[in-house]
Every structure is written in C-alpha cells, then in structure tokens.
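Heads up: the structure comes next, in structure tokens.
2 protein chains.
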Amino acid sequence: MNYDFSDYQKRLKNIVKSKGLKYSSQREDILKALYNSEEHLTPEEIYSKAKIYNKNIGLATVYRALSFLESEGLVNSISFGTDAKKYELNRGHHHDHMICLGCGKIIEFYEEELEKLQENIAKKQGFKLITHEMNLYGLCADCEKSED
Amino acid sequence: MNYDFSDYQKRLKNIVKSKGLKYSSQREDILKALYNSEEHLTPEEIYSKAKIYNKNIGLATVYRALSFLESEGLVNSISFGTDAKKYELNRGHHHDHMICLGCGKIIEFYEEELEKLQENIAKKQGFKLITHEMNLYGLCADCEKSED
DNA sequence: TTGCGTGCAAAACATTTGCAACTAT
DNA sequence: ATAGTTGCAAATGTTTTGCACGCAA
Numbered sequence: 001m002n003y004d005f006s007d008y009q010k011r012l013k014n015i016v017k018s019k020g021l022k023y024s025s026q027r028e029d030i031l032k033a034l035y036n037s038e039e040h041l042t043p044e045e046i047y048s049k050a051k052i053y054n055k056n057i058g059l060a061t062v063y064r065a066l067s068f069l070e071s072e073g074l075v076n077s078i079s080f081g082t083d084a085k086k087y088e089l090n091r092g093h094h095h096d097h098m099i100c101l102g103c104g105k106i107i108e109f110y111e112e113e114l115e116k117l118q119e120n121i122a123k124k125q126g127f128k129l130i131t132h133e134m135n136l137y138g139l140c141a142d143c144e145k146s147e148d
Numbered sequence: 149m150n151y152d153f154s155d156y157q158k159r160l161k162n163i164v165k166s167k168g169l170k171y172s173s174q175r176e177d178i179l180k181a182l183y184n185s186e187e188h189l190t191p192e193e194i195y196s197k198a199k200i201y202n203k204n205i206g207l208a209t210v211y212r213a214l215s216f217l218e219s220e221g222l223v224n225s226i227s228f229g230t231d232a233k234k235y236e237l238n239r240g241h242h243h244d245h246m247i248c249l250g251c252g253k254i255i256e257f258y259e260e261e262l263e264k265l266q267e268n269i270a271k272k273q274g275f276k277l278i279t280h281e282m283n284l285y286g287l288c289a290d291c292e293k294s295e296d
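What follows is the structure, encoded as structure tokens:
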C-alpha cells in the first residue's frame, strides 16, 4: 500500500507535537521534495528541489532537517564510498540496495529470507538488532554489456 | 590459517612488480600498521601508527596508499554514517560487520548462508556482483545490559 | 513571551590534487 | 635517465556551528 503526502505530513505533525517542538514549513518542504522523487537524493539535490517550494530555504536547514527526519524514522540514508550521503523517504517498505559501480545507479531489492537470516545472526551473538544495511556492489546489466 | 607479515610484504612486492610500479617503504609501513592492529582504523589513525616506523610519512600518502591497497584487494574499508572511512587488512577471511550504536564497537561475523543468498539475489537481477557489505546496527550485549 | 527553527557565513573535517624533490629500477 | 612516489600545502567537497532574527505555540 502507498501513502499520500498528507500521511507524511500528519506523521511529521504528530512527532513534532509529541516532542513539544514547533512545526515549520521547511521540514515539510524537504519531506515533499523526497516524496516527489523516485530516486535517492543528496542533501544538495534535496536543497534544490525544496527551493521550488520555498525560495528562501538554506542548505544548513536541509542538513538539520534530514538528520532530524532520519532520527524519527521518516527518512533513510545510504552512504557509500566518499561521496555524499543519499536520502530517501521511508515509504514503509524496507529494502536493501544494489549499487552499480559503472553508472552509479541504485537498484532496490527485498528478500524475505535475507531479513530472517539477519535476525538469526544477531540473536546468535546476543546483539540487539536495530537496523541494518546490505549493499551489493557490482555492475548492472547495462554496464556489464558495455564493458570492453 | 593466519599469515605472517612477510606474506603481505611478498604480495605487495608481487603486485608492484607485475604492474611495473616501484616498491616504497611507505606502502609497506602502512600495511604494517594495519597488520599490527586488531581494530578497524581511520586514515588518521593509520597515519599515526605508520609514523612509528617512518617519521616522515605524510597523510596524503596514507590516503593514496590505502586506495591503492584497497583496489588491489590487500585491504578492505568500511564506512558508516558521516564519519571517516575505516580500514582493515584483508586477512583472507571474508566477513561482515555488526556495529554497536552504543559504544561503537565493531563485531565481525561470517555466515555461509548469507554469502550464498547474495549471489542468488544478484543473479536474479542480472547484476554482476563484485563485492558487498552487510552491516547490522544495534546494541552489543554489554550496551544493552547497561540501558535504562 | 518563550525558545525552537531558520538563513547566512564561517568553521570544521575528510579527502584530493598540484608540484617540486626524491628514489627505485 | 626515467618515471613512479612522496611530503607539503593548497584546494575541494561535505557537513556542522555560531549567531541574530523570525515565527509557532
């Protein structure tokens, strides 16, 4: 099932209220930028997109909002190598990533079996699992084809 | 089975020779710093340790060497969050990581089943797998105990 | 009114690069 | 002699912070 933007708006409002914080249009605009994108975005990219809704937003605000939103579970991040971290809206469907080293494309996947396996591995070590990331690096079909 | 430092030295010499490059004590000292550490080290930490063997080594050299050594498969890196990348010597036993969000401790683990599963996932998408990383984030037994 | 949130600019970091000097081959 | 390698310092790119002002509650 998919969510409307208003669902995210509500979640943000609830979080903010329950913590005694204040609602701001900037955080909403950043969420909207993520909602309207299919891709994983860098803070810089999110900044550009959020500017469409709000001319006066600052890059620092984007960083501050992203780390807030991530800590509240509304967005997820993925970082690889030395490049800038990338963010995506948490749409409620957990998944992992395959990253093409040729073109940088990110492919999402979900494997039930993998999820279960991790639980077991963590349990075995007495580790309390909070989250995880599994990144497969390689070449996507297109890039492999065009390899010499 | 475990390797002596001289084994790594030899591998480095072979790689360098086969590529028509030159052998340098700096790269060896960086390898030695990693060999003598049980932990995952940042470039800065490797720099400090390598300085013990070679007073005049530069940080830029450490960065250059690490990226060379990683591309040759002699070292592996792990990066999470915004912090500096961490490196470890590739001791020939592939493994993944569990990272404690409480104390930052990194626990290594290896699961045959997990390795196989990844191969299958990649194959299913027509993706040519080169490498992967699987990071489990949570609380280690000690940190969970001391939680309030 | 209170204090959280923001924009801006400066600061802080991590990493990379240009360059002249050094050194293995 | 040649060309890879280095140290240093400067440049880059990303993320964080200090501060005065604005705004939601």
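These protein sequence lines map, in sequence, to chains A and B. According to my numbering, the first sequence holds residues 1 to 148 in order. According to my numbering, the second sequence holds residues 149 to 296 in order. Quick reminder that beta carbons are idealized off the backbone N, C-alpha and C, glycines included. Everything numeric in this text was worked out from a predicted model, so none of it was measured.
Worksheet item: Hey, is cysteine 251 of chain B's beta-carbon within less than 8 Å of any beta-carbon in chain A?
Response: no
Practice prompt. Using a Cβ cut-off of 7 Å, pull out every chain A residue sitting near lysine 276 of chain B, in sequence order please.
Written response: Gly138, Leu139 and Glu144
Worksheet item: Run through DSSP, which three-state label would asparagine 120 of chain A get?
Response: helix
Discussion item. Report the CB separation of lysine 111 of chain B from threonine 190 of chain B in whole angstroms; it is logged as a contact under 8 Å.
Written reply: Nothing in the structure corresponds to residue 111 of chain B, since chain B is present only between 149 and 296.
Worksheet item: Do you know whose CA, among A:Asp29, A:Ser6 and A:Arg11, lies nearest isoleucine 57 of chain A's CA?
Response: A:Asp29
Worksheet item: glutamate 115 of chain A and histidine 95 of chain A: beta carbons closer than 8 Å?
Response: no
Worksheet entry | Same chain only: Cβ atoms within 7 Å of tyrosine 23 of chain A, ignoring 5 sequence neighbours per side | Lys13 and Val16
Practice prompt. In angstroms with no decimal places, state the Cα-to-Cα distance between alanine 199 of chain B and tyrosine 151 of chain B.
Written response: The question names alanine, but residue 199 of chain B in the sequence shown is lysine. Taking the straight line joining both Cα atoms gives about 23 Å.
Practice prompt. Taking C-beta pairs closer than 7 Å, name the residues in chain B that glutamine 125 of chain A reaches, listed in chain order.
Written response: Met246, Ile255 and Phe257
Worksheet item: Okay, do the stretch 180-194 of chain B and the stretch 113-129 of chain A touch, 3+ Cβ pairs below 8 Å being the bar?
Response: no
Worksheet item: How many whole angstroms separate the CB atoms of alanine 65 of chain A and leucine 284 of chain B, which I take to be in contact at a CB cut-off of 8 Å?
Response: Not really, about 27 Å apart at Cβ, beyond 8 Å.
Worksheet item: Which word fits cysteine 248 of chain B, buried or exposed, when buried means at least 16 other C-beta atoms lie within 10 angstroms of its C-beta?
Response: buried
Worksheet item: So, using beta-carbon positions, are valine 75 of chain A and leucine 69 of chain A closer together than 8 Å?
Response: yes
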